[in-house]
Every structure is written in structure tokens, then in C-alpha cells.
Amino acid sequence: MIFVDHERCIGCYACIVACKMEHDLAPYPTSPPTAEPKGPRLIRVFQVGPEIKDGKVYQYFVAISCMHCTDPQCMSACPVNAISKRVDGIMQVDRDRCIGCKFCLWACPYGAPQFDLDGKMMLCDLCFHRLQEGKKTACEAHCPARCIYVGAPDEISKIIGQRAASRIEKPHESSLVA
Amino acid sequence: MGIAENLVKTTCKSCHGGCRVIVTVENGKIMHIEGDSESLTEGTMCAKGLASIKEVYNPNRILYPIKRVGERGEGKWKRISWEEALDLVAQKIKEAIENYGPSSVAIGQGTGRGYNRYTFRFARSIGTPNLFLPAHFCYGPRLATFGITVGGRLYCDYHGWGGEYPKTIIHWGKQLEITNADGEMAVWFLKALEKAEYFILVDPRATRLAARALWLPVRPGTDAALALGMMNVIINEGLFDEDFVENWTYGFERLKERVQEYPPDKVAEITWVPEEKIVEAARVFATHKPGCIQIGECLEAGNNSTQTLRAIICLMAITGNIERPGSMINWVPPDTGPMEDFALEVPAPKELPIGAGRFRLLARPPFAMCHVETMLEGIRSGKGPVKVMHIQGSNPLVCYANSKAVLEALLKLEFLSVADLYMSPTAEYADVVLPVAHWLETDDIYDMHPRFFVSAIQKVVESPGEAWPDNKIYNELGKRLAPQWWFNNVEEMLNYQLRKAGITWEQFKSIGVLAKTVKDQVYYKYKTGYWKKGGGFDTPTGKVELYSTVMEELGYDPLPYFKEPNESPFTTPELYKEYPLILSTGGRLPYYFHSQYRQNPWLRELQPYPTVQIHPETAKKLGIKDGDWVWIETPRGRIKQKAILFAGMDPRIVVAQASWYYPEKPGPDHGVWDSNANILTSNELPFDPAMGSTTFRALLCKVYPVKEGE
Amino acid sequence: MRIVIVGNGPAAISAVEAIRAHQMMLELNDIEIWMLSKETTPAYAPMFLTDYIMGKLEEKSLYLRGSNFYNQLEIKTLFGDPVDGIDDRNRRVILQSGREFDFDRLLIATGAVPIKPPIKGIDREHVFFLNKLSDAKQIAKKIAACKKATIIGAGAIGIEAATALNALGLDVSVVELLDQVVPAVLDKEGAHYVERNLRKKGIKLVLGDRVSEIFCNSSSKGCVLESGKIIESDLIIVCVGVRPYMDIVNSTDIKTSKGIIVNEKMETSVPDIYAAGDAVESPNLHGNYTLNFTWYSAVEQGWTAGCNIVGIKRQLTTSVCVNILKGLDFVAAAITQAPKSLNKCEVLTSKDEEKGIFEKIVLDKGHIVQYQGVNVSPNKIGFIHQAIKFGKSVEKFKDQLFKYDLIGPYTLEMPFLF
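Chains as they are written, first to last, in numbering that gives the first Met the number 0: chain P, 0 to 177; chain D, 0 to 709; chain Z, 0 to 417.
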């Protein structure tokens with residue numbers, strides 16, 4: 000599974016482009032660019048804030064991809080059974096079955112389903128071809144702020160726990176966000 | 000130099016950083032790029048580097064040398080051979096030198112991508128002092144002020160090789176996490192930030208790190224006052240480093256007298272930063288050491304750039320944050336020695352550059368440069384010496400103040416040659432355009448800013464068409480004009496540059512990086528004979544010159560001071576009535592670099608149009624909603640950008656994005672008059688008196704919605 | 000054990016998959032499943048009938064599962080012989096042909112049928128409904144020869160049909176009784192933008208009127224409206240709504256109201272008889288019993304029913320009505336899980352007349368219960384859907400709810416929420 004620590008994300012968008020390159024995703028449209036162009040993005044970055052409350056600044060970026068949920072809403076939503084979960088938990092899409100109806104998109108709380116130029120759905124595949132070679136996912140490997148973690152659920156829990164603990168002990172250390 | 004097969008390690012040149020990357024090639028085509036996890040940059044990359052495949056194979060690249068056959072800007076070109084192109088450029092330069100003298104030739108580059116030393120060497124080798132760069136408002140002031148104050152460039156020590164990481168980090172007008180790796184890089188900074196206890200952010204806007212920082216929302220253009228105010232607190236409260244000040248600085252008493260003019264309450268009024276924050280920041284920086292200050296380019300793009308930087312360097316010095324592990328350090332260069340020597344070994348021309356009389360720090364050796372605005376004015380009026388210009392990788396129509404005036408000047412040149420990857424608006428007005436190769440198609444040594452390492456950029460694929468790397472273009476041109484300074488081929492030139500390290504280019508390619516890290520870096524060098532026998536800094540007095548003898552000699556104030564921006568509510572109150580908002584053109588994005596990458600589809604889709612940050616209150620008053628197109632107008636002209644409501648700054652400030660043009664719009668202008676921030680800036684006096692810096696970050700403007708049909 | 004399922008739609012398919020999946024887990028043997036349906040095709044997705052008519056999807060693409068589905072899951076099927084009635088006392092179903100099926104457990108997933116308004120001439124041969132694949136096939140055959148069409152009813156299906164026929168080049172008019180389109184989906188304000196888009200496409204809207212007669216004579220055919228207006232059309236599609244198909248439970252003890260009433264375990268009032276899908280009235284998060292003519296509900300209800308049929312006590316805790324309007328140039332959606340009372344609810348709206356954006360959020364003590372959005376980001380719909388489904392509190396981000404891309408702030412709080 001994948002965890003993005005929003006307290007470290009600096010909004011550099013490298014993850015989006017790393018993923019695009021890894022999966023050779025289309026950018027569309029580009030020339031001339033439309034007002035809201037978006038090629039399919041298997042990971043997306045959102046800005047929250049800034050908001051200034053009592054002199055304190057609240058501002059985050061958060062990167063979200065398919066969360067490979069344990070109870071995937073998209074899977075039950077798909078009329079033609081095109082979405083399935085692999086044994087290792089990674090979601091996958093059968094593009095031959097997909098009819099591009101977007102029912103998965105209306106069900107996913109993260110807006111993860113993306114649609115390519117054929118109208119077929121695609122999801123973050125957790126770069127399993129890289130994981131198999133012992134490499135990190137494209138987004139995790141390139142993130143300069145080291146805010147993306149991909150691993151087994153218990154590994155991730157450990158990391159989150161460590162970070163939370165150190166934030167309590169030493170509020171200035173190990174966090175971009177006070 | 001053969002083309003590598005399968006996996007090739009090289010260095011990315013998409014910005015000034017130089018991350019190490021691994022490129023996968025198959026049948027001569029690039030399939031994949033990723034960071035090298037075993038390198039100094041630990042495998043990280045940014046959006047720009049990762050999108051490089053779309054640069055290399057971009058259909059808009061210039062493929063062949065072309066010569067203009069219609070009127071300037073008509074867009075009628077004829078393909079010519081490299082022989083013909085280089086012969087023509089060389090001939091024009093030679094003729095100009097013969098008829099008018101060497102000063103009639105101007106050689107320019109832009110932000111530079113590691114070929115700065117070639118540009119300097121070329122200009123010197125043909126004997127012209129008129130080397131022009133945007134350096135007087137970008138990096139040049141840092142170069143000069145560090146040089147005269149400390150003797151060498153100082154960088155933030157984020158690496159902890161001396162056993163300590165910075166406890167306090169100040170980012171002064173800088174967003175290192177997403178832009179401008181001028182010597183330090185995001186991945187190193189973010190690691191150090193994790194370990195830092197205090198982080199102070201000086202920026203009119205609450206950038207991402209403001210959530211973590213003691214944020215000083217400074218009014219644009221008033222940073223000198225802030226630095227002097229902080230020093231006032233530090234000195235008066237006795238928080239300065241007594242030992243360092245006593246033994247290693249010069250002019251402390253006089254600096255102390257100067258800072259009395261800047262008590263915190265007065266500074267708070269000037270800078271709009273609350274007094275308690277100024278005092279807190281000063282105390283934190285002085286007591287929680289080691290500390291470092293990351294200086295941003297915005298401090299250099301104003302009418303008081305030199306003194307602003309001098310003040311900040313003094314702040315580093317009086318707190319003893321120089322050469323101490325975790326503070327500011329002058330890196331010991333790798334075994335190759337500083338690559339800049341390659342330029343400096345050619346003697347400087349005897350004639351002085353344009354503007355030398357007025358901007359004496361800018362013209363000071365060793366990196367003497369001409370003052371661009373004066374040079375362009377001279378071309379416009381016909382009274383200046385420059386007749387012929389060669390531009391290597393720069394887009395003056397976008398990057399220099401008052402673009403209209405720039406175009407006027409370019410059109411009056413007798414001959415203009417431009418080398419670029421794309422037909423930029425500037426290239427469209429040239430007489431000859433030379434196609435340049437991408438870093439994935441180049442062999443070179445990357446040394447953007449002299450620091451502790453140099454890396455090898457290895458050619459991975461052939462260029463499309465006949466594009467040549469910058470170093471090859473310079474060498475071939477150089478051979479025609481000053482053969483004694485140039486080489487048979489690029490490999491020879493690279494071997495020559497590596498000679499001090501005792502390796503050849505072939506060897507360097509496989510080594511990849513030559514770095515001096517950890518034990519090889521030396522701290523407290525001033526206590527050794529590194530710069531001066533018996534210890535000391537490489538300055539006239541051997542000490543860190545708080546009171547600058549060089550500035551005194553050149554006829555400038557030897558102590559830092561604050562000066563109001565040329566256009567401000569206080570200096571030009573009448574203007575302020577009509578243009579009631581303070582404009583900074585410092586808006587930047589992590590996936591563009593100045594005017595680059597607008598034609599890269601993966602990057603352009605992230606934000607296809609320029610945006611201007613406006614405070615929601617201000618926007619409401621002006622009837623502007625989030626996402627509306629608005630006009631931003633100054634006395635020089637007006638541009639269109641999309642409004643983004645941004646609550647993280649003073650409502651009186653507006654921050655526009657710079658360097659925008661639209662490659663997809665038809666030539667020759669490609670929409671350069673639509674949204675380019677330099678339509679708004681001024682190229683008229685007064686500039687910074689010592690460096691001649693133009694003002695980009697503290698202007699006055701008005702903003703109003705774009706009506707339908709406009 | 001023999002399980003008989005009446006119906007072959009999403010609820011039925013979901014149920015059999017649940018049964019077979021848990022059967023393995025529970026190591027139950029000998030479960031015989033019969034699926035009885037009046038339609039003869041394999042299970043298909045009824046939401047895409049207009050795509051079929053437009054030629055965007057072929058019949059095969061509409062099927063919910065592969066051709067080998069029934070064999071693989073060992074489902075015995077009897078298609079084409081509709082179920083006539085249920086003898087709940089003797090636990091058997093009776094088919095039209097007279098054949099009878101005993102059952103140990105019964106699942107009624109008969110879906111919904113179109114409401115047939117009492118209009119004179121409604122049985123003429125150029126009048127169609129749009130509810131089953133057979134309807135769509137008939138329409139598709141006729142289209143080539145048609146030039147003008149009238150859609151009766153501007154509900155979600157009505158405007159979907161209108162835009163589909165319009166895209167195929169027909170001259171389309173829509174007649175609606177109320178003074179706005181999609182009255183059951185959007186408020187007047189939001190509907191206004193939808194109407195604007197429909198008119199931009201060249202679709203004629205006749206609002207506040209009704210069809211009093213459908214005629215067909217030698218020279219022309221079409222419909223006459225109450226106002227006296229006459230619309231010539233060689234194709235008429237009736238889309239005035241659907242009702243749960245409950246005829247087969249008529250002489251049983253199975254309680255019905257607007258639909259077949261079920262509890263959170265999908266049990267009807269008669270033991271061992273379950274119901275799921277468009278035919279039922281089910282409890283939602285707020286304790287209300289509602290009809291839900293939506294895909295997501297049918298799938299979930301079917302799964303829940305299937306689980307309970309084999310003894311797994313799974314509860315249906317939510318029933319969300321999700322309506323996404325198709326065929327427009329933008330996304331328009333309405334999602335609701337009806338609260339007990341709208342009285343104490345807080346209503347937030349946001350609109351931009353110029354850009355044609357409208358959003359309405361109804362909060363019940365900080366929990367979203369209703370949402371309407373016109374020209375909003377498609378990426379937002381899923382988040383709102385889930386927030387309404389599970390009754391999440393969005394009190395903290397009330398001021399951010401109208402952002403174009405909503406995802407950020409909420410997921411910061413509970414990244415593993417969903």
C-alpha cells in the first residue's frame with residue numbers, strides 16, 4: 000500500500016511526471032493547451048490553503064494515488080467486472096473489458112480512476128514491475144522530500160508511528176510542519 | 000565518443016542542480032530516465048528532469064542552422080550548413096572588430112547551464128569586454144559581495160560533514176525546495192531541515208514551508224532594513240560572536256554605529272514585519288548555532304541589491320556563522336580545481352565593459368561584465384559601441400526589463416546570431432539561428448556553480464537533425480576567430496579541463512562524479528594558510544570586511560544601508576494613487592525554469608497559463624474571482640494573467656509569474672506581449688549603484704478584470 | 000439447499016457471486032442455484048442502453064459477465080419463462096408456463112418496470128419505453144428511418160435519451176409536466192443550467208405541459224399536448240419513471256409499500272424470502288426506508304442478500320441514491336441518502352451564472368445527506384458519494400466543500416478511511 004506524508008510534501012509535482020514517464024502516459028491536449036488540461040495522472044497533487052489562523056500558517060500539499068483499498072468501492076461498482084485485486088493487493092484493470100462508463104470514478108472517494116485517450120480506465124499499479132526488481136516505485140524514488148512510502152501495511156504503520164512519536168518528543172525535528 | 004547502449008549514467012542539466020540520472024536506451028532511443036539512487040542526489044529528480052524525454056523528441060526543436068531570408072521577424076528562413084553558419088557568424092564578428100573595435104561585439108548568454116566558462120572564455124579570446132548576462136540582477140551581486148566581503152562564495156552547509164548540521168536555517172526570499180538550485184539542492188536542504196530546530200522564512204508570501212517556519216512577511220524591497228534591524232538587536236543585546244568578530248572581522252565598530260540607525264521599531268514600520276518577530280528572529284539566529292542563510296535571487300533584483308547582500312553577509316559574519324560546520328562554507332573544489340579557471344586563464348581585454356564607469360562593482364575583475372540596459376540603450380540611440388551580437392541560450396525579449404525596449408535594440412543590430420533549442424521570440428528576430436543539443440545529447444563537464452563536485456554529462460543519443468552541444472559551437476566559432484585559445488575538438492577541450500585531476504574525459508565518463516566530501520572538506524580554512532599565509536580570508540585586510548575597503552575604493556558606501564525601492568508608496572506617493580498595489584514578478588513554479596519548458600507537454604499540462612497571486616480581500620474589492628483573467632498594469636504597459644486567490648500574504652501585495660510566452664501562438668512573437676512580466680518592468684535609472692541591478696520585485700501596479708473580448 | 004433467484008440483473012448477479020464466494024469459505028456443499036428471468040439475454044447493464052442505441056457499445060459489451068459465467072458458477076438458468084406468482088406457504092414459484100420450482104431460499108430481484116401513463120394512443124407502434132434491452136433493440140432498428148423524436152418526461156432517463164437521439168442527428172423535443180427538467184434530481188437553479196445546455200444542443204424543451212394524445216394517421220404522426228400544441232414525431236419514447244415490479248408477490252404475505260419492504264439483512268416479512276435491487280424499499284443510514292433505482296445500491300443489496308442467504312449475517316447499513324446525468328457537456332450529479340427530516344438541516348449553495356456552475360450541499364448536523372452539483376469536477380463525485388454513504392462529518396471543511404478539486408483536506412484526516 001502507499002502512504003504519502005502530507006507534512007513533508009512540498010508540491011514539486013515530480014511524482015506526477017515520474018509516473019507519467021514510467022507508464023508513458025499521454026499528456027492531452029497540449030497545443031494549444033485548453034483551460035483545464037489533464038493527461039491521465041495516476042498520482043495527483045492537491046494544494047490545501049494557505050490559511051492564516053491566529054498568526055499561524057496552515058498550508059499543505061497532498062499527493063494521492065489509488066489507495067489500493069482493502070474494500071475497493073471501484074471493484075463493486077464496475078458493471079463489467081473489469082477491476083480486480085491481485086493477490087498482493089495491487090488493483091488492476093482489464094482494459095479489454097472496460098467500457099469507459101466511469102462508474103468506478105463515481106464510487107472512488109479519491110478520484111483515482113483515470114481515463115486515457117481510448118476512454119479506458121487506468122489505475123496506479125504500484126509500479127509492480129519496479130517492485131519486482133527490488134526498486135522503489137517511480138514516485139517514491141524521485142520524491143526530493145521523501146514523503147512517499149510504499150510497502151506492506153505493517154511497515155507503513157511502523158513508519159507513521161515513528162514519525163508521530165518523534166513529533167511529540169522533539170517537535171522541531173523530523174517534520175516540515177511544526 | 001560512442002553512444003552508450005542500454006543503461007547510461009549521466010547528469011541532468013534541466014536546472015542548475017545536476018542530479019545524477021540513469022538513462023535507459025534501446026536502439027538509439029531513450030526509453031526511460033530515473034534518478035541514480037547511489038549518487039549524491041540519492042535518486043531524486045524533479046518534474047523538469049523527468050520530463051526530458053519530451054524535450055529530446057519535441058517536434059518543435061530547431062534541427063538545422065538557418066539563415067534569415069526575409070525581414071527580421073518575418074519568419075522566412077533558409078537552411079544552411081554548419082560550415083556556412085559558423086563562417087558567417089565568425090565573419091561578422093571579425094568585420095565588426097576590424098571596423099569598430101572589439102567592444103562592438105557583444106557575447107551573451109542567459110541563465111547559463113554549465114557552459115558559463117565557455118562563454119567567458121570565448122568573449123575574452125576574441126577580445127571583447129562586452130560580455131552580457133542577466134547576472135547583474137541574478138547571482139552576480141552574490142558573486143561580487145561574497146568576493147569582496149569574504150574572499151569567496153559561501154554556500155549553506157546542509158551536509159553535516161563537519162559533524163554538525165545547521166540548527167537554524169534562514170531562507171531569505173528563497174524557495175529552494177522547488178526552485179533555483181544555485182549551489183545547494185532541495186534534497187540536501189530538506190534532509191537538513193528535518194534536523195534543524197529553527198527555520199526562519201523571510202518572504203512576502205507564505206510559501207509551503209511557512210507552515211514550519213518563523214515567518215517574516217517582509218515588504219518587497221525592504222530586506223536590507225530587515226537585516227540591519229536584526230543586526231541592531233544582535234549587536235545591542237551582545238549576542239554576537241565575540242571571538243570571531245574580534246579576531247576575524249574588520250570594521251565592527253563602524254558597523255555597530257551604522258546599525259543604530261535601524262532599531263526594530265523603525266524597521267517594523269519599513270518592512271511591515273511585526274517588531275516581535277524581527278527581534279525573535281535575530282535572537283534565534285544569533286543564539287542557536289550553527290546557522291546558515293540561503294539567499295534568494297529576489298534580493299539581487301532591486302535598486303539596492305549590493306547593500307542588501309552586504310548586510311546579510313555581515314549578519315552571517317557577526318554571528319560567527321562562517322566556515323563553521325553547519326553554517327556558511329566556501330567549498331574546497333574537486334581535484335580539477337575551479338572550472339572557472341578555464342575562462343580566467345585567457346587574459347581579460349584591455350577595454351572596459353559598457354557601464355564600467357558607473358557600475359564599478361559589476362565591471363570589477365575577474366568576472367567583469369557589461370551593463371545590459373546601458374548596452375541596449377546604446378544600441379537604440381546609436382551612440383553605443385555594440386553592433387554585432389551573439390546569444391547562446393538566452394531569451395532577452397523575455398528576461399530583461401522592458402521587453403519593448405529590448406526588441407527595439409535587437410532590431411537595430413547589424414547582425415544577431417542566436418543559439419537555442421527552440422525558436423524563442425528572440426531567435427525569431429535573429430539573422431542566423433544555430434540548433435543546440437539537449438543535455439542527453441551532449442558530452443561536457445557540468446559545473447554550474449563552483450562547489451565541491453563536478454560531474455560528467457554523457458551523450459546518450461544522437462541529436463535530431465544537426466543540433467550541436469554548446470561547447471562544440473563555442474569551440475568551432477573560437478577556432479575561427481582565436482585559434483590559439485581553442486582546441487581541435489571537444490574531447491581535447493574536455494581533457495584539458497580535467498588535466499589537474501590527472502584524468503582524461505574517457506576516464507571521467509566512467510567515474511561520473513569527482514567530489515570532495517566528508518573528510519576531504521576543510522572547515523575553518525581561515526585558521527590555516529589556505530587563503531593567506533599565516534591564516535585569514537582572501538580580502539585586502541585578510542579579515543571578513545564588515546566595512547568594505549573595496550567598496551570604499553570603488554567610491555561606494557563601505558557599510559550596508561537601506562534604500563526604498565524606486566517605486567513604492569513612500570518614494571512615489573503620486574504614482575501609488577494610480578497604481579495602488581505592490582507588484583513582485585517573483586512567482587515561480589517547480590516545473591518551469593524562467594521561459595523554458597512551455598513547449599513540454601508533460602509540464603505544460605500542469606499549469607498551462609500564468610497565474611498571479613492576489614489576496615482574497617483585494618480580489619473581492621476589485622471584483623475578481625478565483626481563476627479570472629486579469630490585467631496587471633504599470634506605467635510601462637499591461638499583461639494578462641490568471642488570478643489565483645492567495646490568502647498567505649499582505650493584501651497590498653500582488654505576485655505575478657515571470658517569463659511567460661506561448662510557443663504555440665504564431666511567430667515571431669509567440670504571444671510574448673500577452674503575459675510576459677517584463678512588459679511591466681523598467682529599464683531606466685536608477686539601478687543599484689554598484690551592480691546596476693534592475694528592479695523586478697518591488698514595483699507598483701494596478702489590477703483589474705479582463706473584459707470579454709479583450 | 001436450493002436457492003431460486005427471480006431476476007437476472009445486477010442484484011441477482013451480485014447475489015450469486017456472494018453465495019458462491021462464501022460457499023467455498025464456509026465449506027457448504029450442495030447449493031443448487033436457479034436463476035429465472037423473463038429476459039433471454041445474459042445479465043446486462045441497463046444504464047448503457049442509450050450507448051447501445053447510439054452505437055457506442057455493442058450488445059456484448061453490455062453483458063455484466065463473460066459468456067461462461069453461468070457455467071463457471073454452476074448456475075442453472077431458465078430464461079424466457081416469466082415468474083407468474085409465488086406460493087410463499089408452500090415455498091415454490093410458479094412460472095407462466097405452469098412449471099413450478101420449489102425453493103429453500105428465494106431472492107426476488109425483479110427490478111423496476113416503466114410507468115405507463117394513461118395517454119390515449121400509448122400503444123401505437125411508434126411509441127417505446129426505454130427500460131429493457133429489447134426496448135433498446137427496437138429503438139435502434141427504427142432510428143435510421145426517423146427524423147423527429149419526442150421524449151415524454153424530462154427525468155434523468157428522458158434527457159439521456161434526448162441527448163442520445165440528438166447526437167444521432169434527430170430533431171428532438173422533450174415534453175415535461177413540471178416547469179423544469181430533472182425535477183426529481185436537481186433543484187430549479189441547477190436544472191436551469193442543464194436546460195441551457197440542452198437548448199444549446201438544439202433540443203427543444205416543452206416544460207409545464209403534458210401529452211394528452213399520441214396520434215398516427217396516413218399523413219403524419221406525433222403527439223398532441225394539453226396546451227393544444229402538436230409535435231410531429233416518428234419516434235416517441237416514454238420516460239415518465241419506473242416503479243418496482245412487485246406483481247409476483249400479490250397473493251403472498253410479503254409486505255410491500257412503494258416497493259418490497261426488506262430489513263437490513265435484505266429479508267422480507269416472510270422467512271427465507273429475500274429481495275434486492277430496484278424492486279425493494281430498504282433502510283438507509285438515517286433509518287428511513289427508501290426506493291433506490293441505482294446501480295450501486297443494487298450491487299450492494301444483492302451482495303448483502305447473497306451473504307445472508309448462506310447464513311452470513313451481513314447488514315446493509317446504507318442506501319444512497321446516485322444520479323449522474325449523461326449526455327451533457329459537463330458533469331451533473333445528485334447524490335442523496337434521505338435523512339429523517341430535512342427541517343433541521345443546513346443548506347449551503349454556490350453558483351456561478353456565467354460559468355454555469357451550481358452546487359448545493361445539505362448537511363444534517365455536519366454530515367452530508369444530499370448533494371447536487373452541476374458542472375463540477377468529476378473527481379469530486381466519488382468523494383461526495385462515499386461521504387454521504389457513510390454519513391461522514393465534513394463540519395471541519397465546510398468552507399472548502401465548494402472547491403473544484405475537493406480531495407485534499409478531507410483525506411488528510413483519515414487516509415485509511417475508505
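Where is the CB? At the ideal position from N, CA and C, for every residue including glycine.
Rounded to whole angstroms, what's the CA-CA distance from residue i to residue j? Just pull it up for me.
i, j, result
"glutamate 577 (chain D)", "phenylalanine 569 (chain D)", "14 Å"
"leucine 175 (chain P)", "alanine 62 (chain P)", "Note that leucine 175 (chain P) scores a pLDDT of 49, beneath 50, so its modelled location is shaky and nothing firm can be said."
"alanine 455 (chain D)", "glutamate 339 (chain D)", "16 Å"
"isoleucine 328 (chain D)", "valine 7 (chain D)", "33 Å"
"isoleucine 12 (chain Z)", "arginine 198 (chain Z)", "39 Å"
"cysteine 215 (chain Z)", "isoleucine 230 (chain Z)", "12 Å"
"isoleucine 138 (chain Z)", "phenylalanine 127 (chain Z)", "7 Å"
"isoleucine 623 (chain D)", "isoleucine 652 (chain D)", "15 Å"
"lysine 325 (chain Z)", "isoleucine 158 (chain Z)", "8 Å"
Please classify residue i: does DSSP put it in a helix, a strand, or coil?
i, result
"asparagine 682 (chain D)", "coil"
"arginine 211 (chain D)", "coil"
"glycine 172 (chain D)", "coil"
"alanine 180 (chain D)", "coil"
"tryptophan 76 (chain D)", "strand"
"glutamine 606 (chain D)", "coil"
"leucine 35 (chain Z)", "strand"
"methionine 413 (chain Z)", "For methionine 413 (chain Z), the predicted structure reports a pLDDT of 45, less than 50, and the residue's modelled location is therefore unreliable. The matter cannot be settled from this model."
"proline 482 (chain D)", "helix"
"methionine 315 (chain D)", "helix"
"threonine 76 (chain Z)", "strand"
"leucine 476 (chain D)", "helix"
"tryptophan 302 (chain Z)", "helix"
"isoleucine 159 (chain P)", "helix"
"glycine 237 (chain D)", "coil"
"cysteine 222 (chain Z)", "strand"
Could you work out which residue in the options is closest to residue i when comparing CA atoms only?
i, options, result
"glutamate 505 (chain D)", "D:Lys499, D:Glu490 and D:Thr516", "D:Glu490"
"valine 549 (chain D)", "D:Ala205, D:Arg359, D:Glu275 and D:Ile32", "D:Arg359"
"glycine 48 (chain D)", "D:Gly113, D:Lys12 and D:Lys386", "D:Lys12"
"proline 572 (chain D)", "D:Arg450, D:Cys700, D:Arg120 and D:Ile472", "D:Cys700"
"proline 41 (chain Z)", "Z:Glu57, Z:Arg64 and Z:Leu48", "Z:Arg64"
"arginine 357 (chain D)", "D:Glu344, D:Gly150, D:Pro364 and D:Thr373", "D:Thr373"
"histidine 437 (chain D)", "D:Ser583, D:Tyr473, D:Pro667 and D:Tyr421", "D:Tyr421"
"cysteine 18 (chain D)", "D:Thr118, D:Gly42, D:Lys518 and D:Val435", "D:Gly42"
"tyrosine 591 (chain D)", "D:Leu580, D:Ser583, D:Leu582 and D:Pro609", "D:Pro609"
"threonine 305 (chain D)", "D:Lys166, D:Met315, D:Glu256 and D:Cys137", "D:Cys137"
"threonine 251 (chain Z)", "Z:Thr267, Z:Gly286 and Z:Ile311", "Z:Thr267"
Quick check on residue i - is its C-beta less than 8 Å from some C-beta in chain A?
i, result
"valine 56 (chain P)", "In the displayed structure, chain A is absent; the protein chains listed are P, D and Z."
For residue i, collect the residues of the same chain with a Cβ closer than 7 Å to its Cβ; drop the 5 residues on either side in sequence, then sort them by chain order.
i, result
"proline 414 (chain Z)", "Only weak support exists for where proline 414 (chain Z) lies, its pLDDT of 42 falling under 50; the coordinates are left without a value."
Identify, in the order they occur along the chain, each residue of the same chain with its Cβ nearer than 6 Å to the Cβ of residue i, setting aside the five sequence neighbours on each side.
i, result
"threonine 76 (chain Z)", "Met34 and Tyr69"
query: Looking at C-beta atoms only, is the number of pairs between the segment 79-97 of chain D and the segment 617-632 of chain D that lie closer than 8 Å three or more?
result: no
message: When you compare the segment 161-173 of chain D with the segment 198-207 of chain D, are there three or more beta-carbon pairs, one atom per stretch, that lie closer than 8 Å?
response: yes
query: Okay, do the segment 379-386 of chain Z and the segment 99-118 of chain P touch, 3+ Cβ pairs below 8 Å being the bar?
result: yes
task: Indicate whether the contact test is met: 3 or more Cβ pairs, each with one atom in the segment 225-241 of chain D and one in the segment 649-669 of chain D, closer than 8 Å.
output: no
- request: Spell out a yes or no on whether the segment 422-433 of chain D and the segment 392-411 of chain D are touching, meaning 3 or more CB-CB pairs, one atom from each, closer than 8 Å.
  value: yes
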